[in-house]
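Contents: one structure, followed by commentary.
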Amino acid sequence: MSDVRIQEAVDRLKESGVRITPQRHAVLEFLINAEIHPTADDIYKALEGKFPNMSVATVYNNLRVFREIGLVSELTYGDASSRFDYNTSKHYHIICESCGKIVDFHYPSLDEVESLAEQVTGFDVSHHRMEIYGTCPECKTKN
Ligand SMILES: [Zn+2]
Ligand SMILES: [Zn+2]
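Counting along the sequence shown from 1, when you hit position 74 you're at 74 in full-length UniProt numbering, and nothing is skipped either side.
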């Protein structure tokens, strides 16, 4: 199943005129298979054995290319490293407070929150982000 997703992603890169290098392909493959919303550093650590010439900067550069064509989204958390998410369809996140893992879940988009916020504040709303925090099943069993 992930092979199909990788092929779709590769097709989108090609359509956007992005050259597919072996490293770029590996970063993409890792992102698609990782369900943890990795940081650039996570990706670097996972792939450095395979690509000794790769640097964290290369990983960032690839992620930036993917983000620009809308293949991945970047989740920023203040000073902490950004995490990257391949699944760009609308979804929400639940975050483990023990290990930092981020898991996707789907829920009907809370569009009414946006219109309410517009009415109350007079802002033009562009999007919203909702995150739920707790302890993941793995961390629960460790305690
Ligand atoms: Zn956890
Ligand atoms: Zn996600």
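All C-beta atoms, glycine included, are put in the ideal place defined by N, C-alpha and C.
Could you give the DSSP three-state label for Tyr-44: helix, strand or coil? Helix at Tyr-44.
Limits of the beta strand (DSSP E) - the one that Phe-84 falls within: 80-85
Can you tell me whether Arg-83 is buried or exposed, with buried defined as 16 or more other CB within 10 angstroms of its CB? buried
Just confirm the distance between the C-beta atoms of Asp-85 and His-127, as a whole number of angstroms; I'd bet it's less than 8 Å. The pair is not a contact, with the Cβ atoms about 14 Å apart (cut-off 8 Å).
So what does Gly-49 bridge to, in DSSP terms? According to DSSP, which records beta bridges pairwise, Gly-49 is partnered with nothing at all.
Range of the contiguous alpha helix (DSSP H) that encloses Phe-66: 56-68
Chain D beta carbons: is any one of them nearer than 7 Å to that of Glu-68? The displayed structure is made up of one protein chain only, and chain D is not part of it.
Do you know how far the Cα of Asn-53 is from the Cα of Val-65? Between the alpha carbons of Val-65 and Asn-53 lies a distance of about 19 Å.
With DSSP as the reference, identify every bridge partner of Gly-134, one or two as the case may be. Cys-96
Quick test of the definition: if touching needs 3 or more C-beta pairs under 8 Å, does the region 95-102 touch the region 55-71? no
Looking at C-alpha atoms only, which residue of Glu-114, Cys-139, Glu-112 and Ile-69 is the closest neighbour of Lys-14? Ile-69
Backbone CA spacing between Phe-30 and Leu-71 [nearest angstrom]: 13 Å
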